[in-house]
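Data block below; observations after.
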Amino acid sequence: MTDPLMTELLETALEAARGAGDLLRDGRPADLGVAATKTSPIDVVTEMDIAAEKLITDLLARRRPQDGVLGEEGADTEGSSGVRWVIDPLDGTVNYLYGLPSWAVSIAAEKDGETVVGVVTAPMRGETFQAVLGRGARLNGEPVHCRPAAPLEESLIGTGFGYVRERRIGQARVLNDLLPRVRDIRRGGSAAIDLSDVACGRLNGYYERGLNPWDFAAGALIAREAGALTGGRPGVPASTELTIAAAPGLFEPLRGLLDDLGAWHD
Numbered sequence: 249m250t251d252p253l254m255t256e257l258l259e260t261a262l263e264a265a266r267g268a269g270d271l272l273r274d275g276r277p278a279d280l281g282v283a284a285t286k287t288s289p290i291d292v293v294t295e296m297d298i299a300a301e302k303l304i305t306d307l308l309a310r311r312r313p314q315d316g317v318l319g320e321e322g323a324d325t326e327g328s329s330g331v332r333w334v335i336d337p338l339d340g341t342v343n344y345l346y347g348l349p350s351w352a353v354s355i356a357a358e359k360d361g362e363t364v365v366g367v368v369t370a371p372m373r374g375e376t377f378q379a380v381l382g383r384g385a386r387l388n389g390e391p392v393h394c395r396p397a398a399p400l401e402e403s404l405i406g407t408g409f410g411y412v413r414e415r416r417i418g419q420a421r422v423l424n425d426l427l428p429r430v431r432d433i434r435r436g437g438s439a440a441i442d443l444s445d446v447a448c449g450r451l452n453g454y455y456e457r458g459l460n461p462w463d464f465a466a467g468a469l470i471a472r473e474a475g476a477l478t479g480g481r482p483g484v485p486a487s488t489e490l491t492i493a494a495a496p497g498l499f500e501p502l503r504g505l506l507d508d509l510g511a512w513h514d
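Straight run, no breaks: the sequence shown in the numbering used here ends on number 514.
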């Protein structure tokens, strides 16, 4: 891939993420309500999720009309350029609905199936994470690195939960067995932010079952470019089945324990 293309994709992702972030931060109505539900009655979509995705896809259509797009709120075009955008216009919708600050816009660009650019902007935190394949990760323009590996019992681990009852029962079972073996658990409500927090050392590690590509595409690249490892079950990449991120030296024991605990199935 040529450097000009890398630069163009990064600049486009930054512009789209910041535009959507500004819309979500400044345009949130006081009477914001649920516009639709997805996997269950508590898995919600707001009118602002839909508006933010439209802003992003409109910008991409103007800047790079030959590219494909995969978006959480329904955008799905194949494209002809070999580039595909994977976007979550509002990651952490329940936080946003309740007025909590941990929500983000997540935009990744893939070239021939490989993620090459990732941007996660968290407007209420005043933070924009970015990464380009092979160039490292940055937070507000400054390089970031994951925290050096700690023993599992001294590690702060982030996670998240699904919105389907049966999956939550399984996740609670895993958490019950995991919690006594680590320093503590955090549940922030945005996978994109959690992965970015691994990248900058605010979490030692992170895992979750049930993520979709738009949830982890950008954040996983940011974590890897900050020095972390990402993946799923042993020998398997991050996927809907299981997504894990942690520094080398912690990743392996965390993955082994999660595999033993059955974190990859309901």
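Yeah, the Cβ is synthetic: ideal placement off N, Cα and C, and Gly gets one too.
Could you name the residues that DSSP lists as bridge partners for residue i?
{"i": "A385", "result": "A379 and V392"}
{"i": "L308", "result": "Per DSSP, none; premise fails for L308."}
{"i": "D274", "result": "Bridge partners of D274: none, in fact."}
{"i": "T369", "result": "V353 and T376"}
{"i": "W462", "result": "Partner(s): none; W462 has no beta bridge."}
{"i": "R333", "result": "At residue 333 the sequence reads Trp, which differs from the Arg that was named. The partner list for W333 (beta bridge, DSSP) reads V317 and A357."}
{"i": "E362", "result": "K359"}
{"i": "T491", "result": "E456"}
{"i": "A284", "result": "V293"}
{"i": "L477", "result": "A494"}
{"i": "I405", "result": "I433 and G453"}
Alpha carbon to alpha carbon, what distance is there between residue j and residue i?
{"i": "P313", "j": "I304", "result": "12 Å"}
{"i": "D463", "j": "P482", "result": "21 Å"}
{"i": "G267", "j": "G384", "result": "24 Å"}
{"i": "R415", "j": "A379", "result": "32 Å"}
{"i": "G418", "j": "L348", "result": "26 Å"}
{"i": "R434", "j": "L262", "result": "28 Å"}
{"i": "R276", "j": "A370", "result": "15 Å"}
{"i": "L423", "j": "L505", "result": "11 Å"}
{"i": "T255", "j": "G382", "result": "13 Å"}
{"i": "E375", "j": "S438", "result": "14 Å"}
{"i": "I405", "j": "T287", "result": "26 Å"}
{"i": "L308", "j": "G269", "result": "15 Å"}
{"i": "D306", "j": "S403", "result": "42 Å"}
{"i": "E295", "j": "P461", "result": "22 Å"}
{"i": "G479", "j": "G361", "result": "16 Å"}
{"i": "N388", "j": "T260", "result": "16 Å"}
{"i": "P252", "j": "K359", "result": "14 Å"}
Tell me, to the nearest whole angstrom, how far the beta carbon of residue i is from that of residue j; I am working on the premise that it is less than 8 Å.
{"i": "G449", "j": "H393", "result": "7 Å"}
{"i": "V368", "j": "A352", "result": "5 Å"}
{"i": "A283", "j": "V293", "result": "5 Å"}
{"i": "A465", "j": "V334", "result": "4 Å"}
Determine the contact status of residue i and residue j, defining contact as a CB-CB distance below 8 Å.
{"i": "G366", "j": "L469", "result": "yes"}
{"i": "E390", "j": "R431", "result": "no"}
{"i": "G436", "j": "S329", "result": "no"}
{"i": "V331", "j": "A357", "result": "yes"}
{"i": "L426", "j": "L509", "result": "yes"}
{"i": "D297", "j": "L271", "result": "no"}
{"i": "I355", "j": "A447", "result": "no"}
{"i": "L502", "j": "R457", "result": "no"}
{"i": "G336", "j": "G327", "result": "The residue asked about is misnamed: residue 336 is Asp in this sequence, not Gly. No, these two residues do not count as a Cβ contact at 8 Å."}
{"i": "R311", "j": "M372", "result": "no"}
Check: Just checking, does the stretch 435-454 make contact with the stretch 316-323 on the three C-beta pairs under 8 Å criterion?
Finding: no
Notebook entry, point to check: Are the stretch 339-349 and the stretch 446-459 touching, with three or more C-beta to C-beta distances below 8 Å?
Noted result: no
Notebook entry, point to check: Do the stretch 472-489 and the stretch 402-419 meet, that is, are 3 or more Cβ pairs less than 8 Å apart?
Noted result: Between the stretch 472-489 and the stretch 402-419 there are fewer than three C-beta pairs closer than 8 Å, too few to call the two in contact.
Check: Quick check: the stretch 382-400 against the stretch 494-514, are there 3 or more CB pairs under 8 Å?
Finding: yes
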